[in-house]
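My numbering numbers the first residue of the sequence shown as 129 and each following residue consecutively.
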Amino acid sequence: MTLQFWSQYIITIFTEGAIFGIAALGLNLIWGWAGDFDLAFYGYVALGAYMTIVLTVGQPIAPAQYIFGLQLPYPLAMLGATLAAAVMGLVVGLIALRNLRGIYFSIVTLGAVYVLYVLASQYVPLFDGYNGVFGLINPMADVLGISFNDYPAFFMVFCLVIFAGIVLILVRLSGSKFGLALRSLREDERAAAAFGRNIYMLKLKAYVLGAAIGGLAGSLFAAYVTAFNPSAWSPIEAIVLYSAILVGGKGNIRGVIFGVVIIFMVVQESTRFLPDIPGHPSVIPSLRLITIGLVLVLFLFFRPQGLFPERRYHYHLPHVQPEPETAPPAATEAAATVAVPDVATTAPAMAPAAVPAVVANAAPIESPPDILVLEGLSKHFGGVAAVDGCSFRVPKGTVTGLIGPNGAGKSTAIDLISGFKRSDTGTVTFEGTEIQNLPPHEISRLGLIRTFQTPREWPGLTVLENILLAKFEPDQETLLRSMLGPGIGHHSVAEADLARARAIIEEFGLTKLANELAGNLSGGQKRLVEFARIRMAEPKLIILDEPMGGVNPVLGERMARAIEAFVASGTTVIVVEHNLPFIERVAHQVVVMAQGAVIAAGPFESLRSNQSVIDAYLGDEVTV
Ligand code: ADP
Ligand code: MG
């Protein structure tokens with residue numbers, strides 16, 4: 129084979145590699161990071177290709193007609209194609225991302241792409257039906273004075289430059305708080321909302337950006353193949369992109385690039401050299417899909433995580449010592465000097481040994497204002513009144529123990545307070561503002577953070593990443609800032625935040641686990657991570673739902689101390705717990721719920737003789 133053949137061959141490979149690399153990176157944003165298995169994706173590529181041609185080639189010979197039939201310069205058409213894909217992504221995303229997840233999301237996106245496919249192939253006035261659109265030959269060659277022979281090399285460089293630009297943007301995005309937040313949605317949406325993330329908006333932004341990148345790839349593809357019609361694509365092509373991502377490593381940019389190299393360049397090209405089988409023209413193209421399927425199966429069997437695992441923030445031991453000014457304000461000794469509302473008068477049951485410094489330093493103030501007020505809160509599930517006219521108040525700077533038998537409605541009440549469920553009636557007032565109609569992320573942003581009865585860590589993120597993400601910073605997490613902001617990749621999270629996360633890791637004794645995936649921790653360690661996340665978030669009010677469930681006594685002691693440290697720094701705490709000695713120790717007031725309503729409230733001591741409390745607990749494990 130001649131040198132010319134090889135140079136042409138290399139140009140083909142790199143051009144196609146760059147184009148499909150861009151598409152695969154767009155899909156990786158949607159699936160690898162945000163976790164949405166999107167089947168509409170090839171529709172965005174196709175729309176980008178169609179739009180590019182109808183925006184550049186003018187009208188074809190009658191009776192054929194193109195929807196726009198404009199003759200824009202190619203770069204403008206690229207922009208138009210990218211925007212068109214983004215708009216289609218926005219429409220599909222607005223519908224499919226609202227409430228649908230998993231397979232339901234995939235089915236809706238599959239429906240969406242088939243609508244496009246059928247429209248494009250059947251509705252002639254759009255893209256001329258089965259004939260498709262054609263005639264985009266060597267765009268920009270005239271303007272730039274590039275000869276016919278040099279054009280392929282020029283276009284390869286053009287594609288590679290755009291590819292490099294996309295990689296650069298996505299590397300930034302990957303290491304940014306935005307990128308981390310996206311992954312937290314993939315790992316656990318409810319926890320993400322509990323820490324202030326707007327699930328729908330984040331997912332929508334990622335989806336539209338991914339679709340736009342798909343459209344851009346389509347635009348390049350159109351210029352490369354000069355024509356586009358329904359026989360050139362089908363929604364199934366997305367599967368080839370998925371294979372590339374799976375083989376290379378979901379969520380890893382380098383992995384996706386390698387995946388494209390393997391799937392598109394090696395597998396696809398290897399079948400190109402096979403001799404045609406006379407009389408069976410479809411055998412070789414079919415072999416291509418079969419080979420891809422085979423590679424996929426082998427990978428899923430032997431290396432399911434792909435070639436490269438997702439990149440991580442790393443906790444570097446040499447950099448452990450945080451700067452003094454970035455040390456947590458509420459470290460234990462500092463806590464003693466923080467002004468605290470009068471805990472002594474509201475907490476006759478508190479053992480003096482528990483927080484001696486606080487009690488000693490606290491000046492006797494009149495009863496503190498209420499940070500949270502529940503009035504007549506109700507929630508029915510069908511015939512079950514889970515919460516039924518629940519009312520209580522929580523004074524600022526105190527610990528409230530929320531107790532009651534199983535099924536009393538404690539967890540549901542927490543869901544209502546934190547916006548995870550909508551109440552039927554009643555009001556929740558937080559710092560004087562009614563919050564019962566706000567979504568969870570907005571309540572969280574007001575400074576109210578809750579945990580869940582079963583730990584909700586982000587299992588596929590490291591302990592360090594879990595803690596870093598607990599701090600919601602709106603201006604640091606915008607998409608634009610994350611794409612263009614200073615620093616590349618793993619330096620785009622503020623140093624001060626990293627230092628603070630490290631200090632908290634130390635404080636909670638999680639140093640050895642800092643780089644471990646949170647999903648690999650034991651139940652007790654996950655609880656500690658939850659506490660560490662709360663420390664990072666610095667809320668005004670913390671609601672803990674059975675934090676000591678399944679936790680050993682040593683860890684339990686640590687949690688009791690952590691709660692005391694939170695209170696010492698001025699934070700208010702509500703804690704649901706069945707461990708009554710623990711409640712007696714930490715709580716200033718206790719609220720007892722049974723059958724959805726509050727049956728008693730007051731200092732722990734006052735409840736010992738309360739008959740309704742004893743009745744509610746009768747048969748339960750404890751005599752109060
Ligand atoms: P607790 O946390 O005090 O143990 P819950 O708030 O979990 O109690 O539950 C209160 C009652 O509401 C229980 O009878 C429970 O079965 C019911 N319940 C809770 N969540 C739901 C739901 N999503 N659908 C139907 N019933 C529910
Ligand atoms: Mg519960």
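Glycine residues also receive a C-beta, built at the ideal position from the N, C-alpha and C atoms.
Exercise for review: Look up valine 483 in the DSSP assignment and say whether it is helix, strand or coil.
Suggested key: Residue 483 sits at position 355 when you count from the first residue of the sequence shown. At valine 483, the pLDDT of 38 sits below 50, so the modelled position is not reliable; the number obtained from the coordinates is stated separately. Coil at valine 483, not helix or strand.
Point to revise | Integer-rounded CB distance, given that valine 701 should sit under 8 Å from phenylalanine 694 | key: Working through the sequence shown from its first residue, we reach residue 694 at position 566. Working through the sequence shown from its first residue, we reach residue 701 at position 573. So it is a contact: roughly 6 Å between Cβ atoms.
Review point. By Cβ distance below 6 Å, which residues in the same chain neighbour isoleucine 542 in space, the five residues on each side in sequence not counted?
Key: Your numbering for residue 542 matches position 414 in the sequence shown. Cβ neighbours of isoleucine 542 beyond the five flanking positions: Arg578, Ile671 and Asp673.
Exercise for review: Counting only runs of 4+ residues fully inside the region 279-322, write out the alpha helix (DSSP H) ranges in chain order.
Suggested key: 279-303, 305-315 and 317-322
Practice item. Determine the closest residue to alanine 152 out of Ile138, Leu167 and Ile139, with distance taken between C-alpha atoms. Key: Locating residue 152 in the sequence shown gives position 24, where the first residue counts as 1. Minimum Cα distance to alanine 152 is reached at Leu167.
Practice item. Tell me whether valine 720 counts as near ligand 1, meaning its Cβ is closer than 7 Å to at least one heavy atom of that ligand. Key: On the sequence shown, residue 720 is found 592 positions in, with the first residue counted as 1. For ligand 1, not one heavy atom lies less than 7 Å from the Cβ of valine 720.
Review point. For glycine 260, is the beta carbon positioned less than 7 Å from some heavy atom of ligand 1?
Key: Along the sequence shown, one-based indexing puts residue 260 at 132. Incorrect: glycine 260 has no Cβ contact closer than 7 Å to ligand 1.
Check your understanding: What is the DSSP secondary structure of methionine 676, counted as helix, strand or coil?
Key -> As a working mapping, residue 676 is identified with position 548 in the sequence shown. Coil at methionine 676, not helix or strand.
Check your understanding: Residues bridged to serine 551 by DSSP?
Key -> By one-based count along the sequence shown, residue 551 stands at place 423. Bridge partners of serine 551: none, in fact.
Practice item. Taking isoleucine 341 as the reference, give the member of Gly208, His716 and Val512 with the closest Cα. Key: Along the sequence shown, one-based indexing puts residue 341 at 213. Of the listed residues, the one whose Cα sits closest to isoleucine 341 is Gly208.
Review point. Taking the Cβ atom as the reference point for each residue, do leucine 225 and leucine 607 lie within a distance shorter than 8 Å?
Key: Residue mapping note: residue 225 aligns to position 97 of the sequence shown, counting from 1. Residue mapping note: residue 607 aligns to position 479 of the sequence shown, counting from 1. No, the pair does not count as a contact, with Cβ atoms beyond the cut-off.
Practice item. Name, in chain order, the residues that DSSP records as bridge partners for threonine 561. Key: Indexing the sequence shown from 1 puts residue 561 at position 433. Its beta-bridge partners are Phe558.
Exercise for review: Would you mind giving the Cβ-Cβ distance between leucine 244 and leucine 175, rounded to the nearest angstrom? I have them listed as a contact below 8 Å.
Suggested key: As a working mapping, residue 244 is identified with position 116 in the sequence shown. As a working mapping, residue 175 is identified with position 47 in the sequence shown. That belief holds up - the Cβ atoms of leucine 244 and leucine 175 are roughly 7 Å apart, short of 8 Å.
Exercise for review: Tell whether a beta-carbon distance below 8 Å holds between leucine 638 and valine 621.
Suggested key: Your numbering for residue 638 matches position 510 in the sequence shown. Your numbering for residue 621 matches position 493 in the sequence shown. Not in contact: leucine 638 and valine 621 (Cβ atoms no closer than 8 Å).
Check your understanding: Start and end of the beta strand (DSSP E) containing arginine 628?
Key -> Locating residue 628 in the sequence shown gives position 500, where the first residue counts as 1. Where arginine 628 is concerned, there is no enclosing beta strand (DSSP E), although the alpha helix (DSSP H) it sits in stretches over 623-635.
Practice item. State buried or exposed for phenylalanine 732, treating a residue as buried only when at least 16 other CB atoms are found within 10 Å of its CB. Key: Locating residue 732 in the sequence shown gives position 604, where the first residue counts as 1. Classification for phenylalanine 732: buried.
Check your understanding: Taking the continuous alpha helix (DSSP H) assigned at glycine 145, which residues delimit it?
Key -> Taking the first residue of the sequence shown as 1, we reach residue 145 at position 17. Element bounds for glycine 145: 131-155.
Review point. Under three-state DSSP, which class holds valine 185?
Key: In the sequence shown, the residue the question calls residue 185 occupies position 57. It is coil, neither helix nor strand.
**Study point:** Three-way DSSP call (helix, strand, coil) for glycine 517 in this model
**Key:** The residue labelled residue 517 in the question sits at position 389 within the sequence shown. Strand, per DSSP.
Check your understanding: Going by alpha carbons, who is nearest to proline 496 out of Gln564, Glu317 and Glu559?
Key -> Counting from one through the sequence shown, the residue named residue 496 turns up at place 368. Looking at the Cα atoms, Glu559 is the closest of the given residues.
Point to revise | Bridge-paired residues (DSSP) for alanine 725 | key: Reading the sequence shown from its first residue, position 597 is the one you call residue 725. According to DSSP, which records beta bridges pairwise, alanine 725 is partnered with Ala722.
Check your understanding: isoleucine 235 and threonine 354: beta carbons closer than 8 Å?
Key -> Position 107 of the sequence shown, counted from the first residue, corresponds to residue 235. Position 226 of the sequence shown, counted from the first residue, corresponds to residue 354. Not a contact, by the Cβ cut-off of 8 Å.
Review point. Exposed or buried, what is lysine 378 when buried is set at 16 or more other beta-carbons lying within 10 Å of its beta-carbon?
Key: For the purposes of this step, residue 378 is taken as residue 250 along the sequence shown, with counting starting at 1. Lysine 378 comes out buried.
Exercise for review: Please report how far the alpha carbon of alanine 321 lies from the alpha carbon of isoleucine 662, in whole angstroms.
Suggested key: For this step, residue 321 is matched to residue 193 along the sequence shown. For this step, residue 662 is matched to residue 534 along the sequence shown. Rounded to whole angstroms, alanine 321 to isoleucine 662 spans 14 Å at the Cα level.
Check your understanding: When every heavy atom of ligand 1 is checked, does at least one fall within less than 7 Å of the C-beta of glycine 239?
Key -> Within the sequence shown, residue 239 is the residue found at index 111, counting from 1. Flag unset: Cβ of glycine 239 not near ligand 1.
Review point. Would leucine 530 pass as a contact of glycine 547 if the rule is Cβ separation under 8 Å?
Key: The residue given as residue 530 occupies position 402 in the sequence shown. The residue given as residue 547 occupies position 419 in the sequence shown. No, they are not a contact pair.
Check your understanding: Given a threshold of 16 other Cβ atoms within 10 Å of its Cβ, counted over all protein chains shown, does threonine 751 qualify as buried or as exposed?
Key -> What you label residue 751 is simply residue 623 of the sequence shown in a count that begins at 1. Unreliable placement is indicated for threonine 751, whose pLDDT of 47 sits below 50; the coordinate value is still reported in the next sentence. So threonine 751 ends up on the exposed side.
Point to revise | Nearest-angstrom beta carbon gap, asparagine 357 and glycine 260 [assumed within contact, 8 Å] | key: Numbered from 1 along the sequence shown, position 132 holds the residue referred to as residue 260. Numbered from 1 along the sequence shown, position 229 holds the residue referred to as residue 357. 2 Å between Cβ atoms; contact.
**Study point:** lysine 668 (DSSP reduced to helix, strand or coil)
**Key:** Taking the sequence shown and counting its residues from 1, the one referred to as residue 668 is at position 540. In the structure shown, lysine 668 sits in coil (DSSP, three-state: anything other than H, G, I, E or B).
Practice item. Check whether the Cβ of threonine 528 lies closer than 7 Å to any heavy atom of ligand 1, and answer yes or no. Key: Translated into positions along the sequence shown, residue 528 becomes position 400. Checking the Cβ of threonine 528 against ligand 1 gives no.
Review point. Looking only at DSSP bridge pairs, what is leucine 505 linked to?
Key: As a working note, residue 505 is residue 377 in the sequence shown. For leucine 505, which the question treats as bridged, DSSP gives the partners Cys518.
Point to revise | Cβ shell of asparagine 534 (< 7 Å), same chain only, five flanking positions each side left out | key: Here the question's residue 534 lines up with position 406 in the sequence shown. Answer for asparagine 534: no residue qualifies.
Practice item. Count the C-beta pairs between the region 136-146 and the region 271-288 that are closer than 8 Å, then say yes if the count reaches three, no if not. Key: yes
Exercise for review: Tell me, please, which residues DSSP counts as bridged to aspartate 498.
Suggested key: Translated into positions along the sequence shown, residue 498 becomes position 370. Paired residues: Pro523.
Practice item. Just tell me which of Ile381, Ile405 and Pro413 has its CA closest to the CA of proline 437. Key: Position 309 of the sequence shown holds residue 437. If we check each option's Cα against that of proline 437, Ile381 comes out closest.
**Study point:** Separation of lysine 654 from valine 182, as counted between CA atoms
**Key:** If you number the sequence shown from 1, residue 182 lands on position 54. If you number the sequence shown from 1, residue 654 lands on position 526. Their backbone Cα atoms lie some 55 Å apart in a straight line.
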